[in-house]
Every structure is written in C-alpha cells, then in structure tokens.
Amino acid sequence: MQGEKSLVEISHLHKTFYVGKRKLAAVSNVSLSLKKGECLGIVGESGCGKSTLIRMIIGALRPTSGQVLVNGADYWSLKRRERRAFHRRVQVVFQEPASSFSPRMKVGAYLMEPRMNYDRISRKEAAKEAVGLLDMIGLPAEFMGRYPHELSGGQLQRVAIARALSIMPDLLVCDEATGALDVSVQDQVARLLVKLQEEREIACLFIGHDLALVRSVSQRIAVMYLGQVVEILNSETLERDAVHPYTKALLGAVLDVYCDQEKELPLLRGDPPSPLEVPKGCVFGGRCPVCEEKCMEEKPQLCEVEKSHFVACHMA
Numbered sequence: 002m003q004g005e006k007s008l009v010e011i012s013h014l015h016k017t018f019y020v021g022k023r024k025l026a027a028v029s030n031v032s033l034s035l036k037k038g039e040c041l042g043i044v045g046e047s048g049c050g051k052s053t054l055i056r057m058i059i060g061a062l063r064p065t066s067g068q069v070l071v072n073g074a075d076y077w078s079l080k081r082r083e084r085r086a087f088h089r090r091v092q093v094v095f096q097e098p099a100s101s102f103s104p105r106m107k108v109g110a111y112l113m114e115p116r117m118n119y120d121r122i123s124r125k126e127a128a129k130e131a132v133g134l135l136d137m138i139g140l141p142a143e144f145m146g147r148y149p150h151e152l153s154g155g156q157l158q159r160v161a162i163a164r165a166l167s168i169m170p171d172l173l174v175c176d177e178a179t180g181a182l183d184v185s186v187q188d189q190v191a192r193l194l195v196k197l198q199e200e201r202e203i204a205c206l207f208i209g210h211d212l213a214l215v216r217s218v219s220q221r222i223a224v225m226y227l228g229q230v231v232e233i234l235n236s237e238t239l240e241r242d243a244v245h246p247y248t249k250a251l252l253g254a255v256l257d258v259y260c261d262q263e264k265e266l267p268l269l270r271g272d273p274p275s276p277l278e279v280p281k282g283c284v285f286g287g288r289c290p291v292c293e294e295k296c297m298e299e300k301p302q303l304c305e306v307e308k309s310h311f312v313a314c315h316m317a
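Per the numbering used here, the sequence shown starts with residue 2, numbered consecutively.
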C-alpha cells in the first residue's frame, strides 16, 4: 500500500474452508505490504484470522484466491529447489515452542543445524555461532548441552527465536512468539527485534494480542476483525489517530498503571458473529457503538483517510 518497493506484497487474499456444505470465511480480501527492515504488527482477538493469514504468507496454506509475493516470488509457483531458498529467507517462530524441538536433540545441535544445513559450515564454526546466539538471547553457553525438557517455556521460546535468526532471514514471522515469556524477557526480545531491524534490515511480522507490546516493536499496525483488516496505521500515532471503533476498543482494554481505579472499563457489547455467517454490511456492526443503518447494509471498504492510514468504516 506504500509507494516504495515492498519485501512482502499481499493482494486481495481470501481463504475459505468448508464445514459440511457451508463456507467459513477465515480471511477475506486482505491487502498488506511490508518493506525491508520494517516491522508490521497484526492484532485482533482470537479467531480473527491472524494465524491463517500467516500460514498463507509462509507457504503452509494455499490461498483460496489472491496472491502473496515475498521478494517478488509467489511460493505456490516455485519449483522444489526454489522453495528451499524461499524457506531460508522466511523464518517463523510459533506460539508453542515445544513442538519445534526434538526431545532427543540438544539445544546446541538445534542451533547449529540451520547454518550447517544451508551454508555447509563446519561443526566447530557452527558451535561457536550457537554460543553467540545463546548470549544474544541472554542464556549461558552451558545450555548447549541441555535437552528441551530441561528448559522452561520461556527459555525454549528464546532458543526458538535464536534458531530462526541464525541464518539471518529476510523476513521473520513471530506468531504470538512472546506469549510464554515473562514481562522482563518480553522486553528483552522486543529490544532485540528492534535492533535487528535497524542493524540488519530484517523485516518482521509480529502477531499478538498485547497491543502495547506489538506497538513497541512495530512501525505500523494492522487491526483484524473476523478475517478482515479494519484499520492500518502508524504505531507512533496509534492512540491519537485511531478511528475505527474496534481499534478504539482494543486501546481501551490496555490498562495503565496510573489509571483511575474507580473508572468503569469500556466493554464491547455482544459477541463476534460466526465466520460461517458473515454479516452483509460491516463485520463489526453488531457490536459497534456508533453503528447506523448504512453500516448494516453496505460493507465498508478499506480506504486511505490520510497518508499511510487506512480505515474500513463508514463513520470515518
């Protein structure tokens, strides 16, 4: 959506699943872009389509329609050898790290494997780099000889992040990657991601529920609701410029240490509609405090209301 050349270009992406004879719209008409060295945060409540979108970006799920280009390449049109190169450029850190580890592989071997596999470096050189990766994520060198079951969930998550960074991908995808971490470790990982963006121009897609954390690591934020992007705006001006009622509701849910303890918390009424029965008009209409008749009848399109700020709302 920006004039500059993008590392990732997502155009009118749709993903539909079938539940019996009924269609479930998991992702609907999503268009996004991501530049080299930029971090794009994607936020939204559970079931809004964030993980489905990510699976299509990394080539784990074929889109129903639309296109995802990474460095100008569509994964589903690549040959086998080209797909191997694609996976080197795109690395993923998932929410649950334990599933990424073999219980019989030590942490050191886990960190050494990518460089030895892709770049054919010696075991001695790979071990030296692995120790450096452990230091980068705040773990001692002795962890090289430990097995996954000997680490806590937070430690495993940091090792998974280090492994993804070991081959310096063009794009790092973090799908709820800090959910298992303590607050102090979350801050450490956030600082690390910002440093990598600045020094090595690694692009990052950061998916999460914690709006404050996502804002701290990203330059732009895309807000999703029921499979659709309802607002895209700059992280720095999020509180000031947020227009969509759902984005404002998410901001209202971020608690401040110095907030008024007596003030009533703003709560959204109702529940999200079923993705099997997507509303005719605005997907947020049934819960929106400023909804009008037009909102229920006509679906709002994602439009640029000011530079780099896109909103899908008739009231904007």
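Even for Gly, the Cβ is constructed at its ideal location relative to N, Cα and C.
- One thing to note: residue 58 has its Cβ no nearer than 8 Å to the Cβ of residue 44.
- Each residue's CA atom was taken as its position, placing residue 128 and residue 158 some 20 Å apart.
- If you draw a straight line from the Cα of residue 234 to the Cα of residue 71, it comes to about 22 Å.
- A contact between stretches requires three or more CB pairs, one per stretch, nearer than 8 Å, and the region 18-32 meets this requirement with the region 270-289.
- The secondary-structure analysis by DSSP pairs residue 15 across a beta bridge with 66.
- Boundaries of the alpha helix (DSSP H) around residue 119: 108-120.
- By the C-beta density criterion, residue 156 is buried, having at least 16 other C-beta atoms within 10 angstroms.
- Three or more beta-carbon pairs separated by less than 8 Å are not found between the region 176-188 and the region 31-39, which leaves the two stretches without contact.
- For the options 154, 173, 132, the alpha carbon positioned closest to that of residue 145 is the one of 132.
- Contact between residue 64 and residue 102 does not hold, since the beta-carbon distance rounds to 30 Å and is not under 8 Å.
- A distance below 7 Å between beta-carbons, with the five flanking residues on each side excluded, links residue 119 to the following residues of its chain, in chain order: 89, 168.
- In this structure, 300 is the residue among 300, 239, 176, 206 with its C-alpha nearest to the C-alpha of residue 229.
- Residue pairing by DSSP places residue 41 opposite 206, 221 in a beta bridge.
- In this chain, the alpha helix (DSSP H) harbouring residue 186 covers 184-201.
- Between the C-alpha atoms of residue 287 and residue 306 there is a straight-line separation of about 23 Å.
- As a beta-bridge residue in DSSP terms, residue 311 pairs with 233, 305.
- Its chain contains 116 as the residues whose beta carbon lies nearer than 7 Å to that of residue 122, once the 5 sequence neighbours on both sides are disregarded; these appear in chain order.
- Only residues of its own chain outside the window of five on either side were considered, and among them 62 have a CB closer than 7 Å to the CB of residue 56, listed in chain order.
- When the alpha-carbon of residue 49 is set against those of 78, 172, 39, 29, the nearest one is in 29.
- Looking from the CA of residue 7, the closest CA among 273, 192, 171 belongs to 171.
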